[in-house]
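Here is the structure we will look at, set down as structure tokens.
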DNA sequence: CTCTTATATAAGCGTTGACTTTTATAAGCG
DNA sequence: CGCTTATAAAAGTCAACGCTTATATAAGAG
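Protein chains in written order, with the numbering used here: chain A, 3 to 139; chain B, 3 to 139.
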């Protein structure tokens, strides 16, 4: 399943938003989603399965808990796909900054960098607000 | 319909790719898509309708032709949604480029850096590079 | 071992979505 | 005008999706 398909569902997008702050247990995710969307535990579990199978998350067992985390690769692909449209809204950016940023980003992505690069993401625990407000039928 | 839903279909993504080079008539799009996906003219027309109705394209009539063009707003929204995940793969961008790019791109969001907690090792060899080639069932 | 908690799977069902073929609309052209 | 080209809409079909209830698995607590 292509990442875009998985991202088509608001529940799954919301789950990823929740995971963007760091890993979460299935249970924690489930209670938030249940509260926000009013769906059952198995429904959430099925969404988690889709996320797993589309490579958007990884899971790690800890006792009886399952800890889900964002797996960035497919999102990076989506980001790359969007690249060709950035010109549509970045046209007005001044040339120097754009060139710099773009050049750097691309150069980096085109190169292997797995060697000693054991550093981890850092999350700004800014606001928790959802940006996405949708209802489902 | 949310942009992400519309983007879930490979035909529609392909149409947008074709439009990323500039506006195209329905006919031109249709013949490419027919060739690549083997679907009928009405099928393409229906995809065009979805793209129109989700705001991803605009249309302009010229005689009997319809000229489609990318309408960037929803894509920009998608891009904004992705923003929160960029940290997962851009963590190592050096400061200058990052500041320039980010500051410019989302000046209004008032982003700040932090040296936060650590999870989410992402360790994958580079791969891919190709855009999109999929089959449909 | 039994009961409970955490999570996933199975089976079934209604709805949606992506097609198809057929038909409509409307502009150009002889 | 009638014929053709360009495009959309209508109606029907079939599979995929998202949900539900019911059930399985597996770890922990008592």
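Don't be surprised by glycine CBs; every beta carbon is placed ideally from N, CA and C. Note that the coordinates shown come from a computational prediction; the quantities given were computed from them, not determined experimentally.
Residue 51/A is bridged by DSSP to nothing; it lacks a bridge partner.
In this structure residue 80/A is not in contact with residue 59/A, their Cβ atoms being roughly 14 Å apart against a cut-off of 8 Å.
Residue contact check for residue 90/A against chain B: a CB pair falls below 8 Å. In this structure, 22/B is the residue among 92/B, 22/B, 11/B with its C-alpha nearest to the C-alpha of residue 74/B. DSSP places residue 64/B in no alpha helix (DSSP H) but in the uninterrupted beta strand (DSSP E) bounded by 59 to 64.
Scanning its chain for C-beta atoms nearer than 6 Å, with the 5 sequence neighbours on each side dropped, one finds around residue 52/A the residues 8, in chain order. Listed in chain order, the non-local C-beta contacts of residue 54/B below 7 Å within the same chain comprise 61, local neighbours out to five positions each way being set aside.
Among the CB atoms of chain B, none fall inside 8 Å of the CB of residue 55/A. Cβ-Cβ distances below 6 Å link residue 17/B to 31 in the same chain, with the five nearest sequence neighbours on each side left out; the list follows chain order. The alpha-carbon separation between residue 87/B and residue 20/A amounts to approximately 11 Å. Residue 49/B sits close to residue 14/B, with the two beta carbons spaced by under 8 Å. Separation of residue 46/B and residue 90/A (C-alpha to C-alpha, rounded to the nearest whole angstrom) is 24 Å.
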